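Protein sequence lines, in the order shown, are assigned to chains A and B. The opening residue of the first sequence carries number 8 in this note's numbering; numbering runs sequentially from there. The opening residue of the second sequence carries number 424 in this note's numbering; numbering runs sequentially from there. Backbone N, C-alpha and C fix where the C-beta goes; we use that ideal spot for every residue, glycine too. All of these numbers come straight from a predicted model, not from anything done at the bench.
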Amino acid sequence: MKVRREQKIARIKKQKGKKGTPVEAMPSPELGHKLIPKLRYTDTGFAQVEWDKMWKKVWLLGCREDDIPNPGDHYVTEIGNESILIVRQKNKTIKAFYNVCAHRGNRIVHALHEPQLESSNFRCRYHSWEYGIDGKFTDIPDLETFPQGAPDCGGLISMPCDSWGSFVWFSMNKDVEPLRDYLGIIPNHLDPYHFDRMVLTRQVTVEWDCNWKASVDAFNESYHVQGIHPQLLYYLDDLDIQIDCYEKHNRYLIAFGVLSPRVVSPSEIPPPIKHVMREAGMDPASYEGSVYNIRADVQKHKRVHGATQGKDYSSLNDDQLTDDYHYTIFPNVTMNVHADDLMLFRQRPHPDNPNKMLFDYFMYELPDNDFDWETYKKPIHKKFKHGETSLGLVINQDAYNLPFVQKGMNSNGYEGLWLGNQELRIRHFHKTLEDYLEK
Amino acid sequence: MDLNLRGKNVLITGSTQGIGRRIANLFAEEGANVAICSRSPESVNKAIKEISLMADGKIIGSPCNIKNKEEYESWINDMAEELGGVDIFIPNVSAGGGMDSEKNWWKNFEIDVLGTVRGVEAVIPHMELRGGGSIVMISTTAAVETFMAPQSYNAMKAALITYAKQLSQAHGEKGIRVNSVSPGPIYFDGGAWDMIKISNERFYDKTEKTHALGRLGTPEEVAKAVVFLSSSGASWITGVNLVVDGGYTKRVQF
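Rendered as structure tokens:
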């Protein structure tokens with residue numbers, strides 16, 4: 008049945024205390040209505056320009072601070088053809104290096120996406136060149152056989168590295184602005200969630216058959232909920248959404264625990280909304296109110312009972328206790344931010360094929376009093392091809408569809424993205440991308 | 424066949440939407456006087472207005488929370504008084520399914536079972552005064568075959584079938600017939616199967632194919648069975664459970 012009920016989501020108008028997440032709606036930016044050329048998604052030449060002018064200029068998510076707590080702990084991440092070695096220093100600061108030996112170009116550390124424990128130094132397994140954790144040469148075997156001496160670089164090539172929000176960031180641009188400047192409003196908006204209190208519960212990388220931007224786009228609009236995720240029509244309001252675009256980054260605020268205006272209320276509480284209630288510690292069977300009051304009642308319930316469950320919501324406003332505060336940190340970090348968890352996606356370009364990408368999925372959860380620290384083990388990072396693992400129904404639905412989008416974009420019969428107002432974040436994302444390409 | 428419903432007084436609980444509402448509509452079309460209820464006064468008033476448009480008889484109603492025994496009994500007595508007696512009673516209201524907690528069992532017991540028992544006990548004296556009557560309970564195919572999950576809804580609805588049979592034996596002498604109707608999956612806009620169709624199309628399609636007649640039922644089709652069993656057309660039928668499911672269930676009813 009085609010329904011379109013009138014529905015206005017009640018939203019908090021005032022932020023929670025001075026340090027709370029700002030809630031005011033931003034004026035809609037004037038970004039025009041032009042078609043976004045499909046070449047950005049399909050063309051190898053464009054991908055190269057994108058690499059040179061954007062990927063090599065921005066700040067990128069590397070790992071989590073608690074991946075490398077002690078001096079010598081290190082972590083290798085990859086972006087495009089680059090491998091980045093992130094190392095905790097003796098003075099507790101963090102350095103990032105190109106993971107490449109200055110001698111013949113071998114990768115120094117071969118492990119990938121798994122925290123490695125304390126090293127006192129790094130030794131290239133090819134000819135045993137050695138580097139300290141600060142990246143400086145500590146040993147070059149048979150140095151006397153190099154008439155020209157050791158390479159002038161003095162060791163591994165470092166790059167800007169800093170941390171925010173429990174995450175470590177790096178940039179291949181040695182002249183990049185400070186991380187805080189780059190992140191702009193992000194720390195101010197997201198610090199109230201205290202990501203540092205959340206623990207990693209799943210991490211997976213899946214190779215998807217689409218351009219990395221097709222994936223970013225899919226999470227930047229909810230217009231596709233009715234088509235791809237119809238079950239979410241009984242879980243969220245996909246129409247009354249607050250979209251806010253900032254300098255480089257953007258967000259939208261989606262009310263959870265409500266019915267979409269595209270459906271009518273069944274006589275029973277829909278199972279996905281029951282799930283919201285149960286997660287908050289409420290019994291749906293005992294609920295006497297109307298389905299339209301559940302979101303507000305869950306907020307009240309969590310506000311009252313959060314502390315006894317061991318969850319500190321004191322910096323969050325009531326909407327944040329139910330809703331999705333959804334942020335995209337340019338270029339490739341998608342954050343589904345909730346009071347009790349952070350579902351983070353990092354979208355990485357395939358090193359040499361614009362029709363492929365690497366989808367990194369990370370789930371962080373806020374431990375409650377029942378959390379079993381004794382048996383908790385940081386999950387091992389696993390890598391899959393498309394279709395080999397489940398990322399939950401919603402992401403599976405996106406993952407199923409995206410290869411078809413990519414195929415379609417390669418068609419002679421398609422010119423580019425024809426975007427509506429519900430897709431404003433995609434337009435804003437492309438504006439930021441254009442700004443980099445034009446520099 | 425004339426169902427002889429003109430001028431008959433019918434009480435239906437939970438009758439502003441869904442199957443209950445279609446039952447009320449059909450009785451109204453057949454010329455009966457109909458009393459309806461639901462918890463919300465707005466829905467009752469709206470439904471009375473809408474049903475009256477197709478009615479020859481009197482359409483009345485008032486809000487009532489079936490859970491509250493006194494409120495429920497006085498709804499029955501008020502309606503009986505206003506219509507001048509009770510000929511037909513359809514205890515239709517249900518707490519629905521769910522496996523959230525033990526509370527589901529209490530709710531199905533309170534609404535589905537006690538909501539029927541208390542209603543029956545309150546209407547029988549009115550029917551005795553008129554020398555007979557007809558009661559049709561609403562059960563479900565989930566009571567006669569395993570369905571979805573072991574939930575209280577299925578078990579409590581099953582209790583109604585047994586209760587109806589016993590009542591039919593106990594009150595037959597007084598000219599009171601008691602039957603039950605067990606609908607299978609029923610589709611209507613805004614109903615549970617509408618939600619399933621939207622959110623899990625595959626399961627919906629599979630369910631549809633399971634029906635011998637190849638589709639889900641409509642609430643009107645259930646209403647027809649209920650109205651027939653209530654009417655003098657079914658004067659020789661009592662103590663049966665009529666499965667109205669388009670061949671969804673597969674058992675043989677000996």
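So with CB distances below 7 Å, who are the chain D contacts of I621(B)? Absent from the structure is chain D; the protein chains it does hold are A and B.
Could you check the C-alpha separation between I483(B) and K673(B) for me, to the nearest Å? 40 Å
Give a yes or no on contact between the stretch 425-440 of chain B and the stretch 650-666 of chain B, applying the rule of three or more CB pairs nearer than 8 Å. yes
Closest to Q676(B) by CA distance: which of E568(B), L636(B), E643(B), W659(B) is it? E568(B)
Let me know if D668(B) comes out buried or exposed under the rule of 16 or more other beta-carbons within 10 Å of its beta-carbon. buried
Exposure label - I147(A); buried when at least 16 CB within 10 Å: buried
Are the CB atoms of H134(A) and H110(A) nearer to each other than 7 Å? yes
My output table needs one value for G24(A): the three-state DSSP class, helix, strand or coil. coil
Which residues of the stretch 259-293 of chain A have a Cβ closer than 9 Å to any Cβ of chain B? Give them in chain order. R269, V270, V271, S272, P273, S274, E275, I276, P277, P278, P279, K281, M284, R285, D290, P291, A292, S293
Chain-order list of residues whose beta-carbon lies under 6 Å from that of S655(B) (same chain, five-residue window excluded): N427
Assumed close pair P78(A), K97(A) - CB separation to whole angstroms, cut-off 8 Å: 5 Å
Can the beta-carbon of I235(A) be found less than 7 Å from the beta-carbon of Q413(A)? no
G1(A) versus Y259(A), Y253(A), N343(A), residue with shortest Cα-Cα distance: Since the first residue of chain A shown is 8 and the last is 446, residue 1(A) is not available in this structure.
Compute the Euclidean distance between the alpha carbons of M416(A) and V223(A), then round it to the nearest angstrom. 15 Å
Partners in chain A for A615(B), counting only beta-carbon separations shorter than 8 Å: P273, S274, E275
Does the stretch 474-483 of chain B come close enough to the stretch 446-454 of chain B to have 3 or more Cβ pairs within less than 8 Å? yes
What are the complete beta strand (DSSP E) segments, minimum 3 residues, inside the stretch 219-286 of chain A? 249-252, 257-261
Which residues in chain A sit within 7 Å of G519(B), going by Cβ to Cβ distance? S274, E275
Of all the CB atoms in chain A, is at least one closer than 7 Å to the CB of D764(B)? Outside the shown range of chain B (424 to 677) lies residue 764(B), about which nothing can therefore be said.
Quick one: does S557(B) have its CB under 7 Å from some CB of chain A? no
Tell me the residue span of the alpha helix (DSSP H) that contains K307(A). 301-312
For the alpha helix (DSSP H) containing F436(A), name the first residue and the last one. 431-445
Option in S397(A), R12(A), Q14(A), G27(A) with minimal Cα separation from W215(A): S397(A)
DSSP state of H594(B) mapped onto helix, strand, coil: helix
Selection from V516(B), M502(B), S517(B) that minimises the alpha carbon distance to D510(B): M502(B)
DSSP state of S497(B), grouped into three classes? helix
Under the assumption that L349(A) contacts Y200(A) (Cβ atoms under 8 Å), give the Cβ distance between them as a whole number of angstroms. 7 Å
Exposed or buried, what is H256(A) when buried is set at 16 or more other beta-carbons lying within 10 Å of its beta-carbon? buried
DSSP-derived helix/strand/coil call for E89(A): strand
Is there a C-beta anywhere in chain A that falls below 7 Å from the one on N468(B)? no
Please report how far the alpha carbon of P122(A) lies from the alpha carbon of D617(B), in whole angstroms. 48 Å
Among Y332(A), V116(A), E125(A), nearest to L163(A) - alpha-carbon criterion: V116(A)
For the beta strand (DSSP E) that contains I471(B), what are its first and last residues? From DSSP, I471(B) is part of no beta strand (DSSP E) but of the alpha helix (DSSP H) over 464-475.
Report yes if the C-beta distance between Y48(A) and N195(A) is below 7 Å; otherwise report no. no
Which first and last residues belong to the alpha helix (DSSP H) in which I140(A) is found? I140(A) -> no alpha helix (DSSP H), and no H or E assigned at all.
Label M571(B) either buried or exposed according to how many other C-beta atoms from any shown protein chain fall within 10 Å of its C-beta, with 16 as the threshold for buried. exposed
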